[in-house]
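If you read the sequences in order, they're chains S and R. As numbered in this note's numbering, residues 4 to 117 make up the first sequence, in order. As numbered in this note's numbering, residues 3 to 114 make up the second sequence, in order. Glycine is no exception: its CB is placed at the ideal position from the N, C-alpha and C atoms. Presented below is the structure to which this report refers.
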Amino acid sequence: GENVEQHPSTLSVQEGDSAVIKCTYSDSASNYFPWYKQELGKRPQLIIDIRSNVGEKKDQRIAVTLNKTAKHFSLHITETQPEDSAVYFCAASRGGTSYGKLTFGQGTILTVHP
Amino acid sequence: DAGITQSPRHKVTETGTPVTLRCHQTENHRYMYWYRQDPGHGLRLIHYSYGVKDTDKGEVSDGYSVSRSKTEDFLLTLESATSSQTSVYFCAISATTNTEAFFGQGTRLTVV
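What follows is the structure, encoded as structure tokens:
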């Protein structure tokens, strides 16, 4: 089955700096790559996603890049703010009835210091 | 927020007892998932469903069973709870396999 590795496990930055979280996946048939943010004590929520026919996607301060050849994708957060502090999860899915299950990475604890 | 509700929100149970967690949705989404969240392991898939009475195992399915007799309800049963099943359990729903998954509030289960 799919295996998703996420790095780093913790990331500490100063407010205004950029943060980058990287994920690799094992199943070359995976075609959907979402990123979730989980604040302390709350449920994970989607912040951005990308499909395999796209190499990059941006939404204000966040962006995701995908390299299908290398089987890795990354989350980029620019101009970080204290409210960006949370746990971030990447995930991968290959779609289809039996295979359409999201496999998550281990998570990255991002701390943004004021 | 998507209409997804988990019950109970908290439960303490004894080793060896059966436990059932319920996930209820009002979105009529086809896909439903049960994950467990443990420190250092992220979100690990236990079981998922792609339709009424259609379920499949995830990566950590041992000791768990599921049932989906109606579109809106997905039940997770711990057949005989063990301390290793102490965790936070999240249910999620999605309309298709490559669109946003919406998570419930989570159930904190403690097995003593």
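Cβ-Cβ distance between residue i and residue j below 7 Å
i, j, result
"threonine 22(R)", "threonine 79(R)", "yes"
"lysine 45(S)", "tyrosine 50(R)", "no"
"phenylalanine 92(R)", "tyrosine 37(R)", "yes"
"threonine 83(S)", "valine 16(S)", "yes"
"leucine 45(R)", "glutamate 61(R)", "no"
"valine 90(S)", "glutamate 18(S)", "no"
"valine 113(R)", "threonine 88(R)", "yes"
"leucine 77(R)", "arginine 11(R)", "no"
"tyrosine 39(S)", "valine 7(S)", "no"
"lysine 71(S)", "serine 88(S)", "no"
Nearest neighbour of residue i, chosen from the options [CA to CA]
i, options, result
"glycine 5(R)", "Met34(R), Thr15(R), Val14(R)", "Met34(R)"
"glutamine 39(R)", "Thr73(R), Ile95(R), Gly108(R)", "Gly108(R)"
"isoleucine 50(S)", "Val57(S), Gln41(S), Asn56(S), Gly58(S)", "Gln41(S)"
"glutamine 48(S)", "Lys13(R), Asp75(R), Ala94(R), Thr73(R)", "Ala94(R)"
"glycine 4(S)", "Tyr39(S), Asp30(S), Pro11(S)", "Asp30(S)"
"valine 90(R)", "Ser82(R), Ser63(R), Leu111(R)", "Leu111(R)"
"glutamine 9(S)", "Lys59(R), Ser63(R), His43(R), Lys72(R)", "His43(R)"
"isoleucine 112(S)", "Leu43(S), Thr72(S), Asp52(S)", "Leu43(S)"
"proline 117(S)", "Pro85(S), Gly110(S), Thr13(S)", "Pro85(S)"
"lysine 72(R)", "Gly106(R), Pro41(R), Asp56(R), Ser9(R)", "Asp56(R)"
Contact set for residue i: own chain, Cβ-Cβ below 6 Å, skip 5 residues either direction
i, result
"phenylalanine 107(S)", "Phe92, Ala94"
"serine 21(S)", "Thr81"
"glutamate 59(S)", "Thr68"
Residues that DSSP places opposite residue i in a beta bridge
i, result
"tyrosine 52(R)", "Per DSSP, none; premise fails for tyrosine 52(R)."
"glutamine 41(S)", "Val90(S)"
"asparagine 56(S)", "BP columns for asparagine 56(S) are empty, so no partner."
"leucine 78(R)", "Leu23(R), Val68(R)"
"lysine 61(S)", "Ala66(S)"
"aspartate 40(R)", "Gly44(R)"
"isoleucine 50(S)", "Isoleucine 50(S) is not bridged to any residue."
"glutamate 8(S)", "Thr27(S)"
"histidine 79(S)", "Val23(S), Ala66(S)"
Sequence-distant residues of the same chain with beta carbon closer than 8 Å to residue i, five excluded per side
i, result
"glutamate 29(R)", "Ala4, Gly5, Ile6, Ile95, Ala97, Phe104"
"serine 85(R)", "Thr17, Val113, Val114"
"glutamate 81(R)", "Pro20, Gly65, Tyr66, Ser67"
"valine 57(S)", "Leu69"
The ligand NAD heavy atom lying under 6 Å from the CB of residue i
i, result
"valine 54(R)", "Only the bare structure without any ligand can be found here, which leaves the ligand NAD out of the picture."
Beta-carbon proximity list for residue i, same chain, < 7 Å, skipping 5 on both sides
i, result
"glutamate 74(R)", "His26, Gln27, Thr28"
"threonine 99(R)", "Tyr33"
"lysine 59(R)", "His49"
"glutamine 109(S)", "Gln9, Ser12"
At a cut of 8 Å, does the stretch 28-37 of chain S reach the stretch 89-96 of chain S through at least three beta carbon pairs? Three or more beta-carbon pairs drawn from the stretch 28-37 of chain S and the stretch 89-96 of chain S are found closer than 8 Å, and the two stretches are therefore classed as touching.
Is the stretch 73-90 of chain S close to the stretch 10-27 of chain R, with three or more CB pairs under 8 Å? Output reads no: the stretch 10-27 of chain R does not touch the stretch 73-90 of chain S.
For the 8 Å Cβ check, are there 3 or more pairs between the stretch 50-65 of chain S and the stretch 67-83 of chain R? With fewer than three CB-CB distances shorter than 8 Å, the stretch 50-65 of chain S does not count as touching the stretch 67-83 of chain R.
Taking beta-carbon pairs under 7 Å, can you tell me which members of the stretch 38-63 of chain R lie near chain C? The chain labelled as chain C is not found among the protein chains of the depicted structure, namely S and R.
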